[in-house]
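Asks: The listed protein sequences correspond, in order, to chains A and B.
Heads up: the first sequence is residues 1 to 437, going by this note's numbering.
Heads up: the second sequence is residues 438 to 874, going by this note's numbering.
For each residue, glycine too, the CB sits at the ideal point set by N, CA and C.
Predicted model, so just to flag it, every value in this text is computed and none were measured.
2 protein chains.
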Amino acid sequence: MKEIRLGICGLGTVGGGVLDLIKSNADRLYDQVGAPIKVVKIGSRSKKPLFHDEEILFYQDVLLLADDPDIDIVLELIGGVDIAQELVRKAIINGKHVITANKALIASHGAELFSLAQKHSVSLRFEAAVAGSIPIVKVLRESLSSNKISCVAGIINGTTNYILSEMAVSDRSFSDILSEAQELGFAEADPTFDIEGIDAGHKLVILASLAFGIPLSLDELCVEGMSQISIADLKSANELGYRIKHLALARLVDERIELSVHLALISETHLISRVDGVGNAIFIQGDPSGETLLCGPGAGAGPTASSVVSDVIDLARNLIQEQADQVKYLGFSTTAIKPRGLLTQDEIVAPWYLRIEAEDSSKSISSITDILTKRDISKQTIVSRAIDTSSKKIEIVIITNPSSAKALFDAVEEISRLQSIFGAITKIRIEDLPSCT
Amino acid sequence: MKEIRLGICGLGTVGGGVLDLIKSNADRLYDQVGAPIKVVKIGSRSKKPLFHDEEILFYQDVLLLADDPDIDIVLELIGGVDIAQELVRKAIINGKHVITANKALIASHGAELFSLAQKHSVSLRFEAAVAGSIPIVKVLRESLSSNKISCVAGIINGTTNYILSEMAVSDRSFSDILSEAQELGFAEADPTFDIEGIDAGHKLVILASLAFGIPLSLDELCVEGMSQISIADLKSANELGYRIKHLALARLVDERIELSVHLALISETHLISRVDGVGNAIFIQGDPSGETLLCGPGAGAGPTASSVVSDVIDLARNLIQEQADQVKYLGFSTTAIKPRGLLTQDEIVAPWYLRIEAEDSSKSISSITDILTKRDISKQTIVSRAIDTSSKKIEIVIITNPSSAKALFDAVEEISRLQSIFGAITKIRIEDLPSCT
Numbered sequence: 001m002k003e004i005r006l007g008i009c010g011l012g013t014v015g016g017g018v019l020d021l022i023k024s025n026a027d028r029l030y031d032q033v034g035a036p037i038k039v040v041k042i043g044s045r046s047k048k049p050l051f052h053d054e055e056i057l058f059y060q061d062v063l064l065l066a067d068d069p070d071i072d073i074v075l076e077l078i079g080g081v082d083i084a085q086e087l088v089r090k091a092i093i094n095g096k097h098v099i100t101a102n103k104a105l106i107a108s109h110g111a112e113l114f115s116l117a118q119k120h121s122v123s124l125r126f127e128a129a130v131a132g133s134i135p136i137v138k139v140l141r142e143s144l145s146s147n148k149i150s151c152v153a154g155i156i157n158g159t160t161n162y163i164l165s166e167m168a169v170s171d172r173s174f175s176d177i178l179s180e181a182q183e184l185g186f187a188e189a190d191p192t193f194d195i196e197g198i199d200a201g202h203k204l205v206i207l208a209s210l211a212f213g214i215p216l217s218l219d220e221l222c223v224e225g226m227s228q229i230s231i232a233d234l235k236s237a238n239e240l241g242y243r244i245k246h247l248a249l250a251r252l253v254d255e256r257i258e259l260s261v262h263l264a265l266i267s268e269t270h271l272i273s274r275v276d277g278v279g280n281a282i283f284i285q286g287d288p289s290g291e292t293l294l295c296g297p298g299a300g301a302g303p304t305a306s307s308v309v310s311d312v313i314d315l316a317r318n319l320i321q322e323q324a325d326q327v328k329y330l331g332f333s334t335t336a337i338k339p340r341g342l343l344t345q346d347e348i349v350a351p352w353y354l355r356i357e358a359e360d361s362s363k364s365i366s367s368i369t370d371i372l373t374k375r376d377i378s379k380q381t382i383v384s385r386a387i388d389t390s391s392k393k394i395e396i397v398i399i400t401n402p403s404s405a406k407a408l409f410d411a412v413e414e415i416s417r418l419q420s421i422f423g424a425i426t427k428i429r430i431e432d433l434p435s436c437t
Numbered sequence: 438m439k440e441i442r443l444g445i446c447g448l449g450t451v452g453g454g455v456l457d458l459i460k461s462n463a464d465r466l467y468d469q470v471g472a473p474i475k476v477v478k479i480g481s482r483s484k485k486p487l488f489h490d491e492e493i494l495f496y497q498d499v500l501l502l503a504d505d506p507d508i509d510i511v512l513e514l515i516g517g518v519d520i521a522q523e524l525v526r527k528a529i530i531n532g533k534h535v536i537t538a539n540k541a542l543i544a545s546h547g548a549e550l551f552s553l554a555q556k557h558s559v560s561l562r563f564e565a566a567v568a569g570s571i572p573i574v575k576v577l578r579e580s581l582s583s584n585k586i587s588c589v590a591g592i593i594n595g596t597t598n599y600i601l602s603e604m605a606v607s608d609r610s611f612s613d614i615l616s617e618a619q620e621l622g623f624a625e626a627d628p629t630f631d632i633e634g635i636d637a638g639h640k641l642v643i644l645a646s647l648a649f650g651i652p653l654s655l656d657e658l659c660v661e662g663m664s665q666i667s668i669a670d671l672k673s674a675n676e677l678g679y680r681i682k683h684l685a686l687a688r689l690v691d692e693r694i695e696l697s698v699h700l701a702l703i704s705e706t707h708l709i710s711r712v713d714g715v716g717n718a719i720f721i722q723g724d725p726s727g728e729t730l731l732c733g734p735g736a737g738a739g740p741t742a743s744s745v746v747s748d749v750i751d752l753a754r755n756l757i758q759e760q761a762d763q764v765k766y767l768g769f770s771t772t773a774i775k776p777r778g779l780l781t782q783d784e785i786v787a788p789w790y791l792r793i794e795a796e797d798s799s800k801s802i803s804s805i806t807d808i809l810t811k812r813d814i815s816k817q818t819i820v821s822r823a824i825d826t827s828s829k830k831i832e833i834v835i836i837t838n839p840s841s842a843k844a845l846f847d848a849v850e851e852i853s854r855l856q857s858i859f860g861a862i863t864k865i866r867i868e869d870l871p872s873c874t
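Here's what the structure looks like:
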């Protein structure tokens, strides 16, 4: 019987997890595929791994696996963009099917790689590139493929979600929790990609392509980090019935698309607001599917390996029948992938949360509300309270009715110039996501 | 270019929803498949529908569609078992691919139908048979296919979940809410299949086959209805930090499987406990995927049509490449599907919730605890309170540590014979599901 031969490139957390899974669940894989799945070669730039397996050959040059005649499928699990791209291109040109967990590679070079893969009639799969074991790529590409998608909103970065959830329950500062997350292995030594929303942005670009059939592109994506968040904001949001999450959002607005990673207040009655810790969740609104939510672990060796190997099984099921992959790379036919206009940040219309520290005087509040009223920004809720009686400092929290970001940003700019205002003003969008239960 | 020609059998809620989707999202379907998808014939036992479409021929005898040379895929959306089975068998024998939304048909006759479909080299798909637009069939069969699944726990009947959620918030009785649900169209005129857990049982059998590779069979399934639930139980569960849900559970216990539909207390910190109304949710624990949760609408024309048409797209993607379906009916190779021992209800070990109404005397509680202690059932929590001071009646709520159902049922039997006890004793399992975030 034919066996499916894999070459694993990269033996870090994910590569190690994939190797473990294929060994420990070999019977399960056989039952699903009807043929053995074997890791025949491993490429890793680091030293030879500690395990000993006579059936697996080891190479320090990962590129050697890209034209190895013994390998049916190359697994690109090295991460980064440069060598990964070279490896994937070379493997495709040599007629290998490729599976990658590399969101940066797909988001930035996916279009070109898919086109190359199509030319060489090979598969290029990437389920593990977004949200760990949550099968969001297949769900968008196959399960919800008949739907007009209007919104995909995700908590798709475990590090930022861990920091926000811990801050909300523990009264400790952003930097405290970040250090703790680094110790626990939930945050990188350099956490910039996570807390600045770049990692979530890469994943969002992939989700938006799958949902809307737009070309993969990092251009015009609005990305806002989350390190400016304070415990005071988390608390006042909570008191008003909201939770603050770092959200990646792709939404159809008229015939254009909003693509943005930003902090958002979400009603505590929405299930996604309850997704805490390193958990990921993705909310999808489709017509006629309605509102669905998928939650699960967004990272880690096991969950990521689960998704990588689901791609292996899909391709193996094709290979043993000597069939081509039946689904296009992004679900859509190549000719159906078309750019659409993207909303600029200024054009976004939403209710807003504002928190302002000001002098405790009747004039403070009236000056602020005058500025908002002048720009047609109406208030849904306004709450003020003393935060420091000796210095006569108050905190004013305002929830606005929906208004354009341009009007709101201008108003905040003007408010910040008032004499009676202390420090920076917090402004966070409120996402009124439809309920999924 | 080749077009994919469908015959829809049954034009009720689901059939109507599928027809609507295919017409209104025709462009989206074309973009996903690269060829037009057309409904060419409709069979419906009822009178001719009101719509007029010259391209669609209408038949009152659904069986005529089963050997119609114009049709590539037969959609069985008539429901029930007898005619549906005849239709599906006939279509398969005539070499048609079949898509069905019929859980009762798949749960009771799936094994035989899959075997017939394999013999005739056709596909038989059933994504819409479980949980509306939640793509649980594909997720188990393809996305989590590499995992050893240890638990699938679902809220997979919208009617019972609506009744339980409404009772919990409104203080109204089971029968009140049921009548309301019938008026709103959330419950059938004869709700027996839903409230007795039979509908959930059909779906559970399908989920268990997909998760564990056991043959489809309704034998030995433990099904418990939910009409005995009282507002008093919902309230005291709530006070102890739990919510009560009607759960369909398939779990690996040693090398055997527990299959059961039953009322369960679930911690309010678990996301699945927050799934209210007609919403459905399915929790899956896999190794190494970890804990995932999928939520969404479990019924209705649109959500069910979304799943039916996802199967249409899958098959259409194969048909335009003239390829066979790459996935086996239940994911597993035919030879890998093997029966496993099932747990009897007596063997289940769990913590339990007991609510007992008794005379307000020191002896009441001690007699009860004596009976529990005698059977090695230890108590985690015991709360008592007056419910009627004039008649000196108290309510005693006990949460036990894990104990076997046999020991607990025997103890409850003995307690119910005590002179100091009034009425029936409530006993509900506590499901300690691992967190999915």
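So residue 441 of chain B and residue 475 of chain B are supposed to be a Cβ contact under 8 Å. How far apart are they, rounded?
Replies: 7 Å
Asks: Where does residue 245 of chain A land, buried or exposed, given buried means 16+ other C-beta within 10 angstroms?
Replies: buried
Asks: Would you say residue 873 of chain B faces chain A, with C-beta separation under 8 Å as the test?
Replies: Judged by the 8 Å Cβ criterion, residue 873 of chain B is in contact with chain A.
Asks: Less than 8 Å between CB atoms is the rule here; does residue 438 of chain A satisfy it with respect to chain B?
Replies: This structure leaves residue 438 of chain A out entirely; chain A is present only between 1 and 437.
Asks: I need the DSSP call for residue 219 of chain A, collapsed to helix, strand or coil.
Replies: coil
Asks: Which residue marks the beginning of the alpha helix (DSSP H) containing residue 520 of chain B, and which one marks its end?
Replies: 519-530
Asks: DSSP three-state call for residue 238 of chain A: helix, strand or coil?
Replies: helix
Asks: Thinking C-alpha only, which one of B/599, B/463, B/496 is nearest residue 423 of chain B?
Replies: The structure shown has nothing for residue 423 of chain B, since chain B only spans 438 to 874.
Asks: Where DSSP assigns a beta bridge to residue 790 of chain B, which residues make up the other side?
Replies: B/836, B/865
Asks: By a C-beta neighbour count over all protein chains shown, 10 Å radius and 16 as the cutoff for buried, is residue 670 of chain B buried or exposed?
Replies: buried
Asks: Less than 8 Å between the C-beta atoms of residue 290 of chain A and residue 454 of chain B, yes or no?
Replies: no
Asks: By Cβ distance below 6 Å, which residues in the same chain neighbour residue 222 of chain A in space, the five residues on each side in sequence not counted?
Replies: 260, 345
Asks: In three-state terms, what does DSSP make of residue 470 of chain B?
Replies: helix
Asks: In the DSSP assignment, find the beta strand (DSSP E) that holds residue 169 of chain A and state where it starts and stops.
Replies: Where residue 169 of chain A is concerned, there is no enclosing beta strand (DSSP E), although the alpha helix (DSSP H) it sits in stretches over 158-170.
Asks: Taking one C-beta from the region 455-467 of chain B and one from the region 133-148 of chain A each time, how about it: are there three or more such pairs within less than 8 Å?
Replies: yes
Asks: So which residues of chain A does residue 844 of chain B contact, with C-beta pairs closer than 7 Å?
Replies: Those do not exist, as residue 844 of chain B stays about 35 Å from chain A at its closest Cβ, beyond 7 Å.
Asks: Going along chain B, which residues have a C-beta under 7 Å from residue 336 of chain A?
Replies: 468
Asks: Skipping 5 residues on each side, what residues in its chain have a beta carbon closer than 7 Å to that of residue 187 of chain A?
Replies: 159, 178, 181, 194
Asks: Identify every run of the alpha helix (DSSP H) within the region 301-365 of chain A, keeping only runs that are complete inside it and at least 4 residues long; order them along the chain.
Replies: 301-320
Asks: Can you give me the start and stop residues for the alpha helix (DSSP H) that residue 619 of chain B sits inside?
Replies: First-last of the alpha helix (DSSP H) with residue 619 of chain B: 611-621.
Asks: Can you tell me whether DSSP reads residue 246 of chain A as helix, strand or coil?
Replies: strand
Asks: Just verifying my parser: in three-state terms, what is the DSSP assignment at residue 130 of chain A?
Replies: Residue state, collapsed to three classes: coil.
Asks: Since residue 631 of chain B is in the alpha helix (DSSP H), which residue starts that stretch and which ends it?
Replies: 629-632
Asks: Taking Cβ positions only, does residue 125 of chain A come closer than 8 Å to chain B?
Replies: no
Asks: Comparing the C-beta of residue 465 of chain B with each C-beta of chain A, is any distance below 8 Å?
Replies: yes
Asks: Looking at residue 201 of chain A: is its Cβ nearer than 8 Å to the Cβ of residue 225 of chain A?
Replies: no
Asks: By Cβ distance, which residues of its chain are closer than 8 Å to residue 494 of chain B, with the 5 residues on each side in sequence left out?
Replies: Correct list, in chain order: 477, 478, 479.
Asks: Using a Cβ-Cβ cutoff of 8 Å, what residues of the region 718-747 of chain B are near chain A? List them in chain order.
Replies: 718, 723, 724, 725, 726, 727, 728, 729, 730, 731, 732, 733, 734, 737, 738, 739, 740, 742, 743, 744, 746, 747
Asks: Does DSSP put residue 269 of chain A in a helix, a strand or coil?
Replies: coil
Asks: Under 7 Å Cβ-Cβ, which residues of chain A neighbour residue 571 of chain B?
Replies: 292
Asks: Using only CA atoms, which one of A/30, A/183, A/319 lies nearest to residue 97 of chain A?
Replies: A/319
Asks: Taking Cβ-Cβ distances shorter than 8 Å, what residues in chain A pair up with residue 750 of chain B?
Replies: 142, 145, 146
Asks: Name the two residues that bound the continuous alpha helix (DSSP H) containing residue 650 of chain B.
Replies: Neither: residue 650 of chain B is in no alpha helix (DSSP H) and is coded neither H nor E.
Asks: CB residue 841 of chain B to CB residue 688 of chain B, shorter than 8 Å?
Replies: no
Asks: Taking residue 575 of chain B as the query, report the chain A residues whose CB atoms sit under 9 Å from its CB, ordered along the chain.
Replies: Close partners of residue 575 of chain B in chain A (Cβ separation under 9 Å): 135, 138, 139, 142, 143.
Asks: DSSP on residue 875 of chain B, reduced to helix/strand/coil?
Replies: Examination of residue 875 of chain B is not possible in this model, given that chain B is present from 438 through 874 alone.
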